[in-house]
Amino acid sequence: MLKWIIIAVALIALGVGGYFGYTMFFASSDDAAGEEAAQDGAGGEALEDLEGQLVPLPTFLVNLADPLGRRYLKLGVEVEVRDEEAAAALTKHEAKVKDTLLLLLSSKTYDSLSTMKAKVELKQEIADRLNQIVGNGSVLRVYITEMVIQ
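For this note's numbering, count along the sequence shown from 1 and bump the result up by 41.
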């Protein structure tokens, strides 16, 4: 009889542990996916952000504006644009894009790029400059794919 009681208690403990594990690890990701789907359906803006198109830009290699002039920045960037028209405008104005980004990047110093906050600000500055060229709101996000400061 004691053997059956121990087995019953062990099964109950396993059941409670399994339920706890499910609610902590699996149910929370299911709920988050459901909330995200509801947000996409209700607010069309979030859905548009997910459907952006990535456009790679050429790698930039510039001298930084340090006093000794011995530091270089190598930056690889991909830009997420709203639609095909924005991607076409970005490639059409490639010379303006390169000029604008080269001037922006060469005005930076090592100290102004060394923190994480500075890198996030750089991404925002690049997005703002590109939006001025291809049309306001066309550039959704900027992704830094490669960054070397030497």
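Where is the CB? At the ideal position from N, CA and C, for every residue including glycine.
For the pair of segments examined, the stretch 141 to 150 was found not to touch the stretch 47 to 56: the number of CB pairs separated by less than 8 Å stays below three. Of the candidates Ala106, Tyr184, Leu114 and Lys139, Leu114 places its Cα closest to the Cα of Ile190.
Look at Gly59 here: in three-state DSSP terms it is helix. In the three-state DSSP reduction, Thr156 falls in the coil class, being neither helix nor strand. Rounded to whole angstroms, the Cβ separation of Leu131 and Val122 is 6 Å, and the two are in contact under 8 Å.
Beta bridge pairing from DSSP links Glu187 with Gly117.
Around the C-beta of Ile167, 16 or more other C-beta atoms lie within 10 Å, and the residue is accordingly described as buried. Taken through DSSP and simplified to helix, strand or coil, Arg170 comes out as helix. Counting of Cβ neighbours within 10 angstroms places Lys139 among the exposed residues, the total staying below 16.
By the Cβ neighbour-count rule, Leu95 is exposed, with fewer than 16 other Cβ atoms within 10 Å of its own.
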